Each structure stands twice: as structure tokens, then as C-alpha cells.
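Asker:
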Amino acid sequence: MSLVQVTDLSVEFGDLRAVDGLSFRLEQGAALALVGESGSGKSTVASALLGLHRGTGARVGGSIEVAGTDVQQASDDELRRLRGAKAAMVFQDPLSSLDPYYAIGDQIAEVYRVHTRVSRRAARARAVEVLDRVGIPDAQRRSRSRPHEFSGGMRQRALIAMALACEPELLIADEPTTALDVTVQAQILDLLHTLREETGMGLLLVTHDVGVAAESVDEVLVMRHGRVVEHGPVAEVLDAPTKPYTRDLLAAVPRVDVRRTAPGAVSEAGARDGGGAMPEASTEGAKSVSSGHGGAVSPGVAPGDAATVSAGASPRGARAGSSGASAEGAEDVLSGGVAAACPGVASGGGGVGSSGGSAEGAEDVLSGGVAAVSPGVASGGGGAGSSGGSADRPEAASPATVTENARGVTSGASGDFVLEAAGLRREFGRGKRALAAVDGVSLALRRGETLGIVGESGSGKTTLGRMLVGLLEPTAGEVRYEGHARVGVNPAVQMVFQDPVSSLNPRRSVGESIADPLRARGERDENRIRGRVTELLERVGLEGAHYDRYPHEFSGGQRQRVGIARALAADPRVIVCDEPVSALDVTTQAQVVALLGELQRELGLALVFVAHDLAVVRQVSDRVAVMRRGRIVESGPADEVYDNPQDPYTKQLLAAVPALDPQVAARRRAARRELAAA
Amino acid sequence: MSGFAGFALRRAMGAVLTLLVISVIIYVVFYATPGNVAQITCGPRCSPEQVHQVAQQLKLDDPLYLRYWHFLEGILVGQDYSTGTSVAHCSAPCLGQSYQSDQQVTQIILTKLPVSLSLVVGAMVLWLLMGVGTGVLSAWRRGRFSERALTGLTLAGVATPVFVIGLVLMIVICGQLELLPFPEYVSFTDDPEQWAWSLLLPWFTLALNEAAYFARLTRASMLETLAEDHIRTFRAYGVGERSLVGRHALRGALAPIIALNANDFGSAVGGAVLIETLFGLPGIGQELVHAVNVVDLPVVVGMVLVIGFFVVLANAVADVLYAVADRRVVLT
Chain A
1 MSLVQVTDLS VEFGDLRAVD GLSFRLEQGA ALALVGESGS GKSTVASALL GLHRGTGARV
61 GGSIEVAGTD VQQASDDELR RLRGAKAAMV FQDPLSSLDP YYAIGDQIAE VYRVHTRVSR
121 RAARARAVEV LDRVGIPDAQ RRSRSRPHEF SGGMRQRALI AMALACEPEL LIADEPTTAL
181 DVTVQAQILD LLHTLREETG MGLLLVTHDV GVAAESVDEV LVMRHGRVVE HGPVAEVLDA
241 PTKPYTRDLL AAVPRVDVRR TAPGAVSEAG ARDGGGAMPE ASTEGAKSVS SGHGGAVSPG
301 VAPGDAATVS AGASPRGARA GSSGASAEGA EDVLSGGVAA ACPGVASGGG GVGSSGGSAE
361 GAEDVLSGGV AAVSPGVASG GGGAGSSGGS ADRPEAASPA TVTENARGVT SGASGDFVLE
421 AAGLRREFGR GKRALAAVDG VSLALRRGET LGIVGESGSG KTTLGRMLVG LLEPTAGEVR
481 YEGHARVGVN PAVQMVFQDP VSSLNPRRSV GESIADPLRA RGERDENRIR GRVTELLERV
541 GLEGAHYDRY PHEFSGGQRQ RVGIARALAA DPRVIVCDEP VSALDVTTQA QVVALLGELQ
601 RELGLALVFV AHDLAVVRQV SDRVAVMRRG RIVESGPADE VYDNPQDPYT KQLLAAVPAL
661 DPQVAARRRA ARRELAAA
Chain B
1001 MSGFAGFALR RAMGAVLTLL VISVIIYVVF YATPGNVAQI TCGPRCSPEQ VHQVAQQLKL
1061 DDPLYLRYWH FLEGILVGQD YSTGTSVAHC SAPCLGQSYQ SDQQVTQIIL TKLPVSLSLV
1121 VGAMVLWLLM GVGTGVLSAW RRGRFSERAL TGLTLAGVAT PVFVIGLVLM IVICGQLELL
1181 PFPEYVSFTD DPEQWAWSLL LPWFTLALNE AAYFARLTRA SMLETLAEDH IRTFRAYGVG
1241 ERSLVGRHAL RGALAPIIAL NANDFGSAVG GAVLIETLFG LPGIGQELVH AVNVVDLPVV
1301 VGMVLVIGFF VVLANAVADV LYAVADRRVV LT
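For the record, the sequence lines run as chains A and B. Counting from 1, position 249 in the first sequence corresponds to residue 249 in the numbering used here; the numbering is continuous, with no gaps. Counting from 1, position 313 in the second sequence corresponds to residue 1313 in the numbering used here; the numbering is continuous, with no gaps.
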């Protein structure tokens, strides 16, 4: 007998048919993933398996049999005996899924006591046992903690512990890792894998992330609009999808191990129309940047990255920061490193983030290193972010001088940075409780390029982004635009926010929202405003007639387009995108990313792309900076960072990204185990 | 527990500051307003000389800030004052002396306060039991007939003025059914049993109205909590509806209940005038209204300060309870 047997399942909410004629089986101990985009009905199916639609007004048709219980026909008591005891569910958001008022151990014990008639004491002991089982350190003590005292990953472990308490035959995991950082996600997926190996329970995984499915299951069922699109063994479906939708879905998934296919193509803009498309950029600058990208245009070839080429043919120096190499006539735009810009000898002693070294006539635009432009030997040991302690670090480090120097030596180096950050630091809280969210970050952004900033939650990437646009005042350090220090909001640097739902005023039409920057600039002519907004709406792929519509009438992707249109309204040179696609489905994600690339090419925009998703960042960025705990631990041309990471943290991040190929996933899992054991 | 001590200290200092501000406002409002206090105090038949004498005796000719200073001094160290014929001492905390009688304000308050506290504390117990109970019941039976009936009832409770409730109760229970004698206040120290009987009707009158508010609040916040994700978790683990409502949802509804209770308790101490008048309870509210009518300013100021003290105290207690109810709250 199958563990789960669903036949012709349909679920209707009012007029909406969320699930439509779905059938599948799951054998004892097997693992199946329901994969689909939002609105595909996958979570509705998961809830139906436990009869959670009962009493909600949803109409459920067809038959559902789970662990020998006919969910449709079962009495309320029979259902309660199924829930938790035979089939347990793990939810997406582990914070809101646990009761904030009770200790974790008590919550698990409560569930355990519902299904077993044991004493409170025994139930509490069982709670500690399962908490220990899922890898909560010091489970006895931590079982008395409340959910808010746990980290996201620990909470998800606790939720899994609750699921394990009654030794269910089936575990239903509804987006169990979506709210988690990638390294934590890998840990949780590994935990689920191990538990399944040991207990032999079946797994029904609901996820939007094909990579997560590839990591965890034997079979996948691709859903769309409540129906099955494709169903089969995971390797087959992912390797050779037979249905167009599956193919599209897979094609839209950003790959972390594939080089960027469509280059940021500043080159095209420069080549095609040096003056028109980039009116404010000097032609020279544009060209030099474009030449830096020459290689990228040729298909599938490793692009000669911008930093290397523009530095005047000194490939050695490009990654001086992390390799600690000496460089001649080099420039290291990003990262804690030292680079020499004139023909002296520079030796950069570059530990990650704590670079120190001596440099002659060097330039270090980014991050806590030492920059000496004066023609002596500069030696300095820079603790990370503490921008060096060299006596020779004079005003010479000011951008103009640096740029000039760099130009002088490395002829043709673009050197024209549109946006720079020097020693940025931001603290929250006061006195002893002060916490530096960003702790000494320096970076520079060239015209028309895309700088990706990746980091997990709490790395300070959003704080950094907000300081770059002037929404937050730095505690120390400064932001320079076109070489001049800026305080406050700068219309030329705009932001696209993460959550397109909450970043648009629901009570104002989208046209009005887009018009805000125009009005802020003093535009009063309503016809002109309307004309410009219509133009912007069309520019981002919406219709001019959408002016009078309200945010709730749009889908997530469309709302993000509105957000982009609003950012464009101020004619920015730079757009800082803070997790612009993290709330979107992969196919929508791909469209929005494509739109950003298109706009960048046509308008010569420089982009700072802040995101937690390593794959997305790779697919959009020319250069990448990896952030951790407020500092940049590694940076450089995207392909170099991804293909040959130097910092252990970067390696760890990359190892945690779920692979689309189940075999690769298995290998990575093994590698992670080794890494953990070591 | 240094965190708690720090909290208590900061909170106490805040309370003192609040009371100071209240006293300044009260002082300015009452003493700086036009009207001849000496004339009113002396009575309509006083001659100008007598009025002048009274004014001198009450130090009404001193500048306002000086009088305020003496007032503060009295609270901290006590003060001496003339009764016309002799000099009496009023020990700290001295809130001054009534213009109307020779009684000290502190004394007046001490005789009235037990009555008010008896009324409010008893009523509070009742309104919490009835209000929260009704709220929990209607959250549990949500969508059914019994819930709608309860909700309708609470709406009626909110809409009916207290004096109507009180009058009806009194007429029906004491007049028609003769279950209870018409209430006449008996002090707790005299006879605890009679005290409770005498307060039964006032308690219910005050509590019925309040309970309606609490029932509605409890129901609303419980329904809100019931819609949260963690309730779904426990439902998906087979936890029964009774436990979901009584254990998980109620816990989430506690915070707003605590907050509302603090407010209502504090204001009822001085604000239950209608009930005190209706049932002839010699409490703070009644005395305050009387003092305002006869412009007995020291009494007014003293009473307002005492009421303010209870409001501040109730809110401080609420903050502590908040932190106990929800461990995520950090007391600062």
C-alpha cells in the first residue's frame, strides 16, 4: 500500500480552482517534490494531505489517502490522530510557525502528548531527545528557550524536531528552506536527508526552487495552475524535460556554475553610440570600459574582466588583494588589497579583509587596505576595514589624485568612477550595545558596470546599499559621486527596493508613485509629468494606460517593474537594487533581470545589485563583492570569484548552493560533510 | 535581576516627573483662573475685611510660584499652617488643607481612597472574569449562533450607560425582588461580610459595562491570533481546538488586555463618580466633584495627583506584566 495516494484531487476556493485533477502516489520511504511557481497550487496540495482545508470553506474533491487514513472521509478525531503522528508538516517560516509565548521544548512536548498518553515529564524528555537529534547544541538547556531566542536555522531545526517527535511515516515539508540563508539551507537539507536515511520516512517536499528539489528527492512533480505538467524521476525531468513549461522553468533558473551569458554589455553601448546613449559619460571612458569587455561579447568565452584590462594589461595585479602578490602598474578596484599604480614594487600582504602591505604609488579604491599614491614606499598593516594605518596615507588618496595617477601610469585606464564609497561604517544602537552593520567598506563603481554584492542575512548588504543612495547616513566614511563627497539623497543615485508590495503606497496609483521623483525635482506641468511617466511605464514593459491603476492590480513582477520605473524617473546614473528579484518566481525573476540589463545598456546605467542569491548575482554582475558581518571578504571580477574563490567563506557559500543535477548535489553533500567533519 | 531594578528605578523617576508635570498644570489651571477664591471660601455674607483676612490666611496674595513651592515642600517635609486661631502642623506628605473645612487634604483622601479602591478592585476582578471569559467563549464558538448572541450582548453592554445599568439593577434587585437591601457602604475593617454585600451591586454595575469592552477586545485579538501561522502549525499537529483557543490564542491576546486594564483601572479610581453617586459611596470621585464645585482647590489638586498616581502605577504594573506575558518584550 502506498504511503500517499492522491486521486483526482481538486481544491476550490470560491470561484478559484487552485488544484485541478491532480493524482500522484508516494511509496513508503520515498521522496517526492512538488515544484511550481507561486499560485501553482503546490502548498494547497500539501495542506490537503492533512485535511487542513476542513472548516475553511474550501471545497476539496477527489480522494486522498495518507498512511492508511482516508482524509476525505475521516472524522475530526481520526484526522487529529493522523496529523503529527503519522504525517507531520514542516512549514516555511519557522519564526511565525512556532508559538512565540512558549518554550520550544514545551511546544514539542505538547504535540507529543496529544498523540501519546505519557506524563509531562516524559514528553519533555522526548522533546529534548528530538531537539538533540536535529542538532540543537545543549538541547536540555535550549529547550527552555523561546523561538525568538533561536536563529532562523535553529528554529527550522526545532520545527523538524517537532515533526520527528511522534516518528511519523510521512514528512511534508512546505518550502522548508525558503526563508533561510543558503548555507543554513544546505544544513537543513542535509539534515532532512540524514533523517530520511535513518528513519525511513517518506518525504513530500513542496518548493519553488528546482535546486532544492534536485538535492532532496527521487521524483519531481512539476505543477502549474493546479495541474500536473510533468512527473518523473528527478534526474530525468531535470536533464531531459519533455514539456515546454518545464524547459522554460529550468531555463529561467539562474546557474551559479555557468558564466554570465549576456554580458553587462557596456561594451555595446559604448561601441554603438558613445555619445547618445551615455550623454554624461566621457566617450573615452565609455570606450575604455567597453574595451575591457571585449572578450565578453564573444560567445561563451571567458571575458577579459574589466579590472584587468582597464588596468593596462597587468593581469597579475588584478587580484592582488587576496593573493598578496606584487603588482606592477595594476589597479585593484575592489577589495581589501593593495595595488601599485606606478612602476615601483608593491607587495601586498593580503589576508582577507585584513590587508596590509607596502605599496609604491598604489591605489586601492576599495576597502580596508592601504593606498599610497605618494612616490615613496608606503607600508601599512591594515586591519580589515580600518583603512590602514600608514603614515603615508595622505590626502593623496582623494579620488581625483588617485584617478589622475592611475590614468597617468596606466594609460587608458578608465578610472572614472561614478560612485565610490570610502571606509563606510554604520552602527546601530548606542554605547555598549552599538553594533556595526557595515564595518569599513570601500568600493568603487564604474560607469555602466554592474557590481554585485552578495551576502547572507545580517551581512550588512542592505545597510550598505542604503548608505550608497544616501537613505542612511554613514557613521564614518563617505560616499562620493563623480568624485565629490555627497551627503543626503542624491537624485542621480536611485534605489529599487526588495519588496515591491510594501515599497509602493497602496493608496496611490502607480503613475503617481512614479511621478514622485519628477515632482520632487520641481516639475509642475501635469501633461509633461504624465507624458514622462507613460514613457517610463512603456520603457519597463508596462502600458501607459496603467498610470491610474493601483499596486494591488499588478503581479509581483509588474510591481517590481513599477519600482524600476520610479527609480528611472529621476534620470539616475546609478541604480542600487536591493534584492530586486528575491520575492519573484524564477521566470519573472529572469524577465526582471533581463529588463535591468537592457536598461543598463540603453541608458548607460551603473548598477549595484545587492542580493543573497549567488546564482542571480553571477548572472548580472561584472564584478562581485562578498560581504560577511559588515565587511567585504572577497571581491573581484565575477567569474574569478565564482570559479576560483579564495576566501573560505566564499567557498562555503558556493558549496551550499543547491545543484540542479542530483548527482552533483550528492557529491556536494559529501563534500559538505567532509568540510563539516574537518 | 539588575535589569528589572534598573527598569523599576527608571519607571519610578518617570512617574515622579509625570506627577510633577500634572501638579504644575493643575496648579496653573486652578489657581491662575479668574474668580475670587477668598470670597467663595469665606462665603457670600463675608465683609471685605473678612475676605481680606481669609485671603491672607490662605496666602492667596503670595505669587503663584511661591505657593507652588510651599506645596511641594509640604509634600516632602510637611508644613505648618495657621487655622486662624492657632498653628497646626501637617506632616509629610502634606497636600495642604481644605479651604472649606479645617481638614487636611491627606486626611480627606485617606478616608475616601479605601472606598474607591474597594469599588474598583472588586469590579476589576469581575470585569476581567466576565469580559475575558465571554471573549474566549465567542472566539471559540466563532461563526456560530452562540458567538453572535454573545457579541450582540457585549455590544449592548458597551452601548448602555453605567447609570442606566446601575439604576435598573437597583430597582430590579433591591426594589422589585428585594434580594438585597439598597446598598449602604460599610467599611471593610468594620465588617468584611457586610462590606462585600454592600458593594455587590456597584461592582456589577461598573464591571458589566467594562466587561463588554474587554469581551470585544479579547474576541478580536484572539481571532487575530487564531489566524496566525503558529496556530496553523499546532492544528497541523493534531492539537485540539480547545487547546488552540484556550492556550495558544489566549496567550497572544493577553498583551492588549493588560494594556486596556491598566488604563481602565487607573481612570476608574477617580472616575467612577456616577456609580459612587448612584450608590452613595463616599469615594474619591464624588469628593472631587464636590471640591470642584466649591472651588476647594487644595482638595482638587491633591485628589488629581492621587488619581494620577494610580494611573501611572497601573501602567507601570502593566509594563511588568507585559514582559512576563511576552518574553520578547525587554523592559527598558
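Using N, Cα and C, we set each Cβ at its ideal position, and we do this for glycine too. Just so it is clear, the structure is predicted and the values come from calculations on it, not from any experiment.
Suppose only complete runs of 4+ residues qualify. What are the alpha helix (DSSP H) ranges in the region 430-500 of chain A, listed by chain order?
Answerer: Qualifying alpha helix (DSSP H) stretches, in chain order: 461-469.
Asker: Would you mind reading off the limits of the alpha helix (DSSP H) that contains Ile1089/B?
Answerer: Here residue 1089/B refers to the residue found at position 89 when the second sequence is read from its first residue. In the sequence on display, residue 1089/B carries His and not Ile. No alpha helix (DSSP H) contains His1089/B, which is instead part of the beta strand (DSSP E) from 1087-1090.
Asker: Tell me, please, whether the region 1213-1230 of chain B touches the region 1135-1144 of chain B by the rule of three or more beta-carbon pairs shorter than 8 Å.
Answerer: Yes, the region 1213-1230 of chain B touches the region 1135-1144 of chain B.
Asker: For chain A, find out if any of its Cβ atoms is closer than 9 Å to the Cβ of Ala1309/B; answer yes or no.
Answerer: Against the second sequence, residue 1309/B aligns to sequence position 309. For clarity, residue 1309/B is Phe in the given sequence; the question names Ala instead. It does not: the Cβ of Phe1309/B has no partner Cβ on chain A nearer than 9 Å.
Asker: Count the other CB atoms within 10 Å of the CB of Ala18/A; is the residue buried (16 or more) or exposed (fewer)?
Answerer: Taking the first sequence and counting its residues from 1, the one referred to as residue 18/A is at position 18. Buried, since its Cβ has 16 or more Cβ neighbours within 10 Å.
Asker: With a Cβ-Cβ cutoff of 9 Å, do Ala173/A and Val90/A count as a contact?
Answerer: Along the first sequence, read from residue 1 onward, the residue named residue 173/A stands at position 173. Along the first sequence, read from residue 1 onward, the residue named residue 90/A stands at position 90. For Ala173/A and Val90/A, yes; Cβs fall inside 9 Å.
Asker: Below 7 Å on C-beta distance, what does Met89/A contact in chain B?
Answerer: For the purposes of this step, residue 89/A is identified with residue 89 of the first sequence, where counting begins at 1. Neighbours of Met89/A on chain B, chain order: Ala1236.
Asker: On the DSSP letters alone, give me the boundaries of the beta strand (DSSP E) that Thr7/A sits inside.
Answerer: Taking the first sequence and counting its residues from 1, the one referred to as residue 7/A is at position 7. Here the beta strand (DSSP E) through Thr7/A covers 4-13.
Asker: What residues of chain B sit near Tyr101/A, judged by a beta carbon separation below 7 Å?
Answerer: Position 101 of the first sequence, counted from the start, is the residue given in the question as residue 101/A. What Tyr101/A touches in chain B: Arg1251, Gly1252, Asp1326.
Asker: Which two residues bound the contiguous alpha helix (DSSP H) that contains Cys1042/B?
Answerer: In the second sequence, counting from the first residue as 1, residue 1042/B sits at position 42. Counting along the chain, the alpha helix (DSSP H) containing Cys1042/B begins and ends at 1037-1042.
Asker: Could you please tell me which residues of the region 1206-1234 of chain B, in chain order, have their CB closer than 9 Å to any CB of chain A?
Answerer: Hits within the stretch, in order: Glu1228, Asp1229, His1230, Ile1231, Arg1232, Thr1233, Phe1234.
Asker: By the 9 Å beta-carbon criterion, what residues does the region 1287-1306 of chain B contribute toward chain D?
Answerer: Absent here is chain D; the protein component of the structure consists of chains A and B.
Asker: Taking 9 Å as the CB-CB cut-off, is His53/A touching chain B?
Answerer: Walking along the first sequence from the start, residue 53/A turns up at place 53. Not closer than 9 Å to any Cβ of chain B, the Cβ of His53/A fails to qualify, so no.
Asker: Is DSSP giving Met1124/B helix, strand or coil here?
Answerer: Locating residue 1124/B in the second sequence gives position 124, where the first residue counts as 1. In this structure, Met1124/B counts as helix in the three-state DSSP scheme.
Asker: Indicate the three-state DSSP secondary structure (helix, strand or coil) for Gly1238/B in the structure shown.
Answerer: Translated into positions along the second sequence, residue 1238/B becomes position 238. Coil, per DSSP.
Asker: Is the shortest distance between the beta-carbon of Leu82/A and the beta-carbons of chain B less than 9 Å?
Answerer: In the first sequence, residue 82/A corresponds to position 82, counting from 1. Yes - at least one Cβ of chain B is within 9 Å of the one on Leu82/A.
Asker: Could you name the residues of chain A that Gly1342/B contacts, counting a contact when the two beta carbons are closer than 8 Å?
Answerer: Chain B is shown only over 1001 to 1332; residue 1342/B falls outside these bounds and no answer can be derived.
Asker: Going along chain A in order, which residues have a C-beta closer than 8 Å to the C-beta of Gly1240/B?
Answerer: The residue you call residue 1240/B lines up with position 240 of the second sequence. Within chain A, the residues near Gly1240/B are Arg80, Val114.
Asker: Give me the subset of the region 136-153 of chain A whose CB atoms are less than 9 Å from a CB atom of chain B, sorted by chain position.
Answerer: From the region 136-153 of chain A, only Arg146, Pro147, His148, Glu149 have a Cβ closer than 9 Å to chain B.
Asker: Threshold first: 4 residues or longer. Then list the alpha helix (DSSP H) segments lying entirely within the region 1184-1261 of chain B, N to C.
Answerer: Counting only runs of 4 or more, we get 1192-1226, 1229-1236.
Asker: Go ahead and pull the three-state DSSP assignment for Tyr1065/B.
Answerer: Reading the second sequence from its first residue, position 65 is the one you call residue 1065/B. Here Tyr1065/B sits in helix by DSSP.
Asker: So with Cβ pairs under 9 Å, would you call Asp516/A a contact of chain B?
Answerer: If you number the first sequence from 1, residue 516/A lands on position 516. No, because no Cβ of chain B sits closer than 9 Å to the Cβ of Asp516/A.
Asker: Does any residue of chain A bring its CB to less than 9 Å from the CB of Ser1146/B?
Answerer: Within the second sequence, residue 1146/B is the residue found at index 146, counting from 1. No, because no Cβ of chain A sits closer than 9 Å to the Cβ of Ser1146/B.
Asker: Looking at the structure shown, is His231/A part of a helix, part of a strand, or coil, going by DSSP?
Answerer: If you number the first sequence from 1, residue 231/A lands on position 231. Correct three-state label for His231/A: strand.
Asker: Rounded to a whole number of angstroms, what is the C-alpha to C-alpha distance between Leu1169/B and Glu1178/B?
Answerer: Walking along the second sequence from the start, residue 1169/B turns up at place 169. Walking along the second sequence from the start, residue 1178/B turns up at place 178. One C-alpha to the other measures close to 11 Å.
Asker: Which of the three DSSP states, helix, strand or coil, is assigned to Ser502/A?
Answerer: As a working mapping, residue 502/A is identified with position 502 in the first sequence. Correct three-state label for Ser502/A: coil.
Asker: Under 9 Å between C-beta atoms, does Thr403/A make it to chain B?
Answerer: As a working note, residue 403/A is residue 403 in the first sequence. With a pLDDT of only 36 at Thr403/A, under the threshold of 50, the placement of this residue in the model should not be trusted, and no figure is reported.
Asker: Does Ser1243/B come within less than 9 Å of chain A when only Cβ atoms are used?
Answerer: Locating residue 1243/B in the second sequence gives position 243, where the first residue counts as 1. So yes, Ser1243/B belongs to the interface.
Asker: Step through the CB atoms of chain B and report whether any lies within less than 9 Å of the CB of Leu98/A.
Answerer: Reading the first sequence from its first residue, position 98 is the one you call residue 98/A. Cβ-Cβ to chain B under 9 Å: yes for Leu98/A.
Asker: Please state the DSSP three-state secondary structure of Tyr1081/B.
Answerer: Within the second sequence, residue 1081/B is the residue found at index 81, counting from 1. The answer is strand: DSSP assigns Tyr1081/B an E or B state.
Asker: At 7 Å on the CB atoms, spell out the chain B contacts of Leu50/A, in chain order.
Answerer: Here the question's residue 50/A lines up with position 50 in the first sequence. Simply Ala1236.
Asker: Out of Gln5/A, Thr650/A, Val617/A, Ser621/A, which has the shortest C-alpha to C-alpha gap to Ile632/A?
Answerer: Locating residue 632/A in the first sequence gives position 632, where the first residue counts as 1. Here the closest residue by C-alpha is Thr650/A.
Asker: Classify Pro637/A as helix, strand or coil using the three-state DSSP reduction.
Answerer: Taking the first sequence and counting its residues from 1, the one referred to as residue 637/A is at position 637. If DSSP states are grouped into helix, strand and coil, Pro637/A belongs with the strands.
Asker: For Ser1243/B, does the count of other Cβ atoms within 10 angstroms reach 16, so buried, or fall short, so exposed?
Answerer: As a first step, residue 1243/B is located in the second sequence; it is residue number 243 there, counting from the start. Flag for Ser1243/B reads exposed.
Asker: Smallest Cα separation from Val1029/B: which of Val1304/B, Gln1103/B, Gly1240/B?
Answerer: Translated into positions along the second sequence, residue 1029/B becomes position 29. It is Val1304/B whose Cα lies nearest to the Cα of Val1029/B.
Asker: I need the straight-line Cα distance from Arg1045/B to Asn1293/B, nearest angstrom please.
Answerer: Counting from one through the second sequence, the residue named residue 1045/B turns up at place 45. Counting from one through the second sequence, the residue named residue 1293/B turns up at place 293. Cα-Cα distance, rounded: 18 Å.
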